[in-house]
Structure formats: C-alpha cells, structure tokens
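Novice:
Numbering (the UniProt record's numbering), first residue to last: 1 to 533.
#1: Which word fits residue 622, buried or exposed, when buried means at least 16 other C-beta atoms lie within 10 angstroms of its C-beta?
#2: Three-state secondary structure (DSSP) at residue 467?
#3: Going by DSSP in three states, residue 514 sits in which element: helix, strand or coil?
#4: Assuming contact is defined by CB atoms lying nearer than 8 Å, are residue 263 and residue 127 in contact in what I supplied?
#5: Exposed or buried, which one is residue 156 when buried takes at least 16 other CB atoms within 10 Å?
#6: Going by DSSP, what residue range makes up the beta strand (DSSP E) through residue 417?
#7: What number of angstroms, rounded off, separates the C-alpha of residue 512 from the C-alpha of residue 404?
#8: According to DSSP, simplified to helix, strand and coil, what is residue 461?
#9: For residue 15, report the span of its alpha helix (DSSP H) as first-last.
#10: Would residue 477 and residue 449 be called neighbours here (beta carbons separated by less than 8 Å)?
#11: Quick one: grab the DSSP three-state call for residue 452.
#12: Thinking residue 29 and residue 22 are a contact (beta carbons under 8 Å), I'd like their distance in whole angstroms, please.
#13: DSSP three-state call for residue 522: helix, strand or coil?
#14: Helix, strand or coil for residue 507, going by three-state DSSP, please let me know.
#15: Indicate whether the contact test is met: 3 or more Cβ pairs, each with one atom in the region 102-111 and one in the region 55-71, closer than 8 Å.
#16: Under the rule that 16 or more other beta-carbon atoms within 10 Å means buried, what is residue 313, buried or exposed?
#17: Mind checking residue 413: buried by the 16 CB within 10 Å criterion, or exposed?
#18: Are residue 170 and residue 46 closer than 8 Å when you measure CB to CB?
#19: So, are the CB atoms of residue 277 and residue 232 less than 8 Å apart?
#20: Specify the secondary structure class of residue 427 as computed by DSSP and reduced to three states.
#21: Taking residue 243 as the reference, give the member of 281, 229, 200, 336 with the closest Cα.
#22: To which residues of the same chain is residue 237 closer than 7 Å at the C-beta, ignoring the five residues directly before and after it?
#23: CB residue 457 to CB residue 497, shorter than 8 Å?
#24: Near residue 43, which residues of its chain fall below 7 Å by C-beta distance, leaving aside the five closest residues on each side in sequence?
#25: Helix or strand or just coil, what does DSSP make of residue 311?
#26: Compute the distance between the beta-carbons of residue 129 and residue 90, then report whether it is under 8 Å.
#27: Going by DSSP, what residue range makes up the alpha helix (DSSP H) through residue 180?
#28: Residues in its own chain within less than 7 Å of residue 502 by CB, not counting five upstream and five downstream?
#29: Would you mind listing the alpha helix (DSSP H) stretches within the region 256-310 that are 4+ residues and don't spill past its ends, in chain order?
#30: Buried or exposed: where does residue 270 fall if 16 or more other Cβ atoms within 10 Å of its Cβ makes it buried?
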C-alpha cells in the first residue's frame, strides 16, 4: 500500500498546534495599539483551507484559556467565554463571506487593486469584530462609561488593523508567493546594508532626542520606502514589520508610553508603502510584458521582413522569367516569321514579271500590301514582347526618341520629357520596368484618356549605396473612372511590376488627368562605358 505524501498545510491537527504555538508566542507582544495575534488569525483564516478552521479556532481558544487560567480567571469562565469566543467566530464569519465573494482574495499582492480590496476587507472585518467586542463588553459591564467604550473601540480598531497590515503580507509571502532565490538574496543583502544601519541610526537618534519620538518614527519610513521601490510589496511588508518591531522595542527600552498618534502614523505609512510596493511590482510586470511583447513583435517583424524579401525575390524571379520568355519568343518570331515574310516578299518580287505578263500584277501588289501590314504588326508585337529600342538606344534615348514618342505624336498628343541621372546605376530589371511603365501609361493615354499632353520625368541618383529612380508620369486627359472596368490589368500590372522590385507605386489625385509616381531602388552596379544609356 502506497502512503500519501505528508503535507503540513493539509493536516488540520498540525495546523491547529502550530497556530496555537504562534498565538501564544505573539500574545506576549500585544500592546494597546499593536495586536499581532489578530493579524495571525486573519491571515490564517484567509489563506488556509476552510476545513482546517475548526482546528485553528480551537487552538486559539485553548491558548487563550491557558493564558486566562494562568492569570487566575479574573472574570470567571463566563467572562472568558463572553470575552474570547465571539471574536474569532465573528472574524471567521467575515472572512467566510469575503472568500465566497472573492475566492482568490489574498492569493498575491502584485496588483494594487487586489491589495486595496484586501486592506478594505481587513478594515471592515476589524470594525465588525471590534463592534462585537464592544457589544459584549456592554453586556458584561452595563455601567461602562461611553468614553471608555469609544476609547476601547479606537484602540482595537487601530491595533487589529495594524496587526493585519504587518502580519498578513508576510503570511502571503510565505504561503502563496515565496520569493525566488535571486529575490531572496537581494532582500537579505539590502537588509544587511540598509535596514540594520537604519535601525542603528534610529536608536541613536531616539536616545539623543527622547522628547521627539515622532521624528524617529518619520525617519524610520525611509528604509521602508527604499524596500518598497526596490523589492515591491515583499520588501515593503518585511521592512514594515522590522521597522515596527524596532520602534516598539525602542519605545519599551526608552520608557515611552504607547502613542495612538504614533501607531496611527505607522498604519497610514504601512498602507501607503504596501500600496506603493504593489504598484511597483505591477509596473515591473507591465514593463516585462511590454519587453516580451516587443521581443515577440520584433521576431514577427523579422519574419515578415524575411517573407517580404522572399516574396519580392519570387516576384522578381517571375518577372525575369517573363522577360526571358518574352525575349525568347521575340527572337523566335523575328527569326522564323520575319524571315518567312522576307522570303515571301522575295519570291513575289521574282514573280512580278510573270504576273505582269499574265495581267495579274494587281495580285502581286495586294500580296505585297498584306506582307507589309504583317511586317508592321510583327514589329509592334516584337516591341511589346521585348523593346529592341531599349537594347539599341539605351533607356534615356528609348524614352525620349523611341516608339513611345511615335505613338503619342501619331495620336496627336504632345510629349514632354525631363530625364536626369545615369541609367548605368540601375540593373536591367529596373530599366526594363521603367520603360514598361512609361509604355503602358502612354498606351492608356492614347486609348482612354483623350489627352492632348503627356509628360514624363525621370530622375536617377544614388543615396547610401543604393541607386534610386523616381519616375513621374502624367497626362491631362479625362482621368480614371470611378470604377475600373473588369478585365483591365494595366494599372494592376504596373503595380505588380513595381512591387516585385520592392518599389513604391502611388496614384496621386489630380483635378484632371492621371498622375503616377513610382520610386524604384536598385543595387549600384559598376558602370560599363560601352553600355547604351
């Protein structure tokens, strides 16, 4: 038979014994405004399983009975039951309601909102418990003065709340949110370097200025603030309990009477520093999450950049393959169909005399006219497939003097060019794309724009090791329709070409006509002196 592992927090009797011993040890430290046993009760009922509550309350009642018997039962057993039993039961009822409303209460103090809710709940439970004690005292002592009851109410409120403020965060630290080894080492190191010297200085100041204990209490807040900023709520809670213990021991050593104002200052300062520590932890976690998100976003951006480069490389490869196919097809058409047309024209010319003798010279003329038309159509097709003028003239002359000008002049459209820069800085794909964009824009102006003017401006330069080409195309036609016709691939094809080279394509709004601006980038090549420009 396999034994279940022994877990102290799941053993009710063991928890009751440990709780009873801790209660007895802290009972001796109780003062009118400083009740650590109440904080132990609150923290145990808040953090430990409800099934162990009976053992906890039983252990507390046994401990208080032993101490009451030791003191000689000053009010008898009836006074003991009326004075000691209602308080833990009322506290347990309040915490039961709190845990039902918020099952995760006290799980951690990393969130300032959770810390504020926990302290508010502690204040309400302490108020309820204190009111129950005052009610019981009124029943026992019917002649108790009203001022005495109010004074007792204030004492118990301050002492109970201060006990919760000092003990519960430490219990949360030990039971729910223990620090890791690195954080524990930092706490220990700062405790030796900061807290011990601060307590020593506090003791010296108190001995030299015994008439101003509040000054010492105010100065004791400095190390607590340091720990709150440096170590969050864990540092604030540990520093608060060390500082309060030091001040209490110092008051007893110097013979100072407990002061409600001093302990009220401690309660307010402790609440503020604990909230400050929680806010510091929340801010650090927020910064950590932001840093993690930034790291993740940076990795995603790098991945997106990589995918974008791959897509551009694939698109550029497709563009190169398309241009190579066009070049191959143009060569085949020129070599095969062009030569065949030339051969047919040669044979018709040789047969011209025979056709004249037979009275069929009109047939030869008709054949020559058809062949001339076929040759012109072939030239247009070859120019569309692969602009030979780009290879023969170079980019600048092809744009200024080539077929684009012939096309526009034939359509009655004036053509203006402004060309600057050295095309040798651009690679072949970029030069081809520039010519194709100009060719497509001019064709659209002729077919659709009803324009009377077409302007082309090209600027080529270099910046930071990269060649840049800015192409500006515009006409003064009727502009683009609100909805582009289906099947129209002109603008989309131009955009795809620019995107494949990693460029920018912008269709700028104008009052009349169409205005395109294109920015292309190209790796700088070594200039070749014999290349046409």
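C-beta atoms are modelled at their ideal positions from N, C-alpha and C, and glycine is treated no differently.
Specialist: The answer reads as follows:
#1: Because residue 622 is not part of the residues shown, which for the chain are 1 to 533, the question remains open.
#2: Of the three classes helix, strand and coil, the one that applies to residue 467 here is strand, per DSSP.
#3: Residue state for residue 514 is assigned as coil, using DSSP reduced to three classes.
#4: The answer is no: Cβ separation not under 8 Å.
#5: Per the 10 Å Cβ criterion, buried.
#6: Where residue 417 is concerned, the enclosing beta strand (DSSP E) starts and stops at 414-420.
#7: Each residue's Cα considered, the two are about 22 Å apart.
#8: Shown here, residue 461 sits in a strand according to DSSP, grouped into three states.
#9: Its alpha helix (DSSP H) spans residues 12-27.
#10: If you check the CB distance, residue 477 and residue 449 come in under 8 Å.
#11: Coil.
#12: In fact, because the Cβ distance is near 11 Å, the residues do not count as touching under 8 Å.
#13: Residue 522: strand per DSSP, three-state reduction.
#14: Collapsing the DSSP output to three states places residue 507 in a strand.
#15: Two segments are said to touch when three or more pairs of C-beta atoms, one from each, lie closer than 8 Å; by this definition the region 102-111 does not touch the region 55-71.
#16: Here residue 313 is exposed, its C-beta having fewer than 16 other C-beta atoms within 10 Å.
#17: Residue 413 should be labelled buried.
#18: Not in contact: residue 170 and residue 46 (Cβ atoms no closer than 8 Å).
#19: Yes. Within cutoff.
#20: Residue state, collapsed to three classes: coil.
#21: The shortest C-alpha to C-alpha distance from residue 243 to any of 281, 229, 200, 336 is the one to 200.
#22: Cβ within range, chain order: 169, 170, 173, 274.
#23: The answer is no: Cβ separation not under 8 Å.
#24: Once the five neighbours on either side are set aside, the close Cβ partners of residue 43 are 167, 168, 171.
#25: Three-state DSSP puts residue 311 in a helix.
#26: Closer than 8 Å, so yes.
#27: Taken as a continuous stretch (DSSP letters only), residue 180 belongs to no alpha helix (DSSP H), as it is neither H nor E.
#28: Only 312, 521 meet the Cβ criterion.
#29: Counting only runs of 4 or more, we get nothing.
#30: With 16 or more Cβ atoms within 10 Å of its Cβ, residue 270 is classed as buried.
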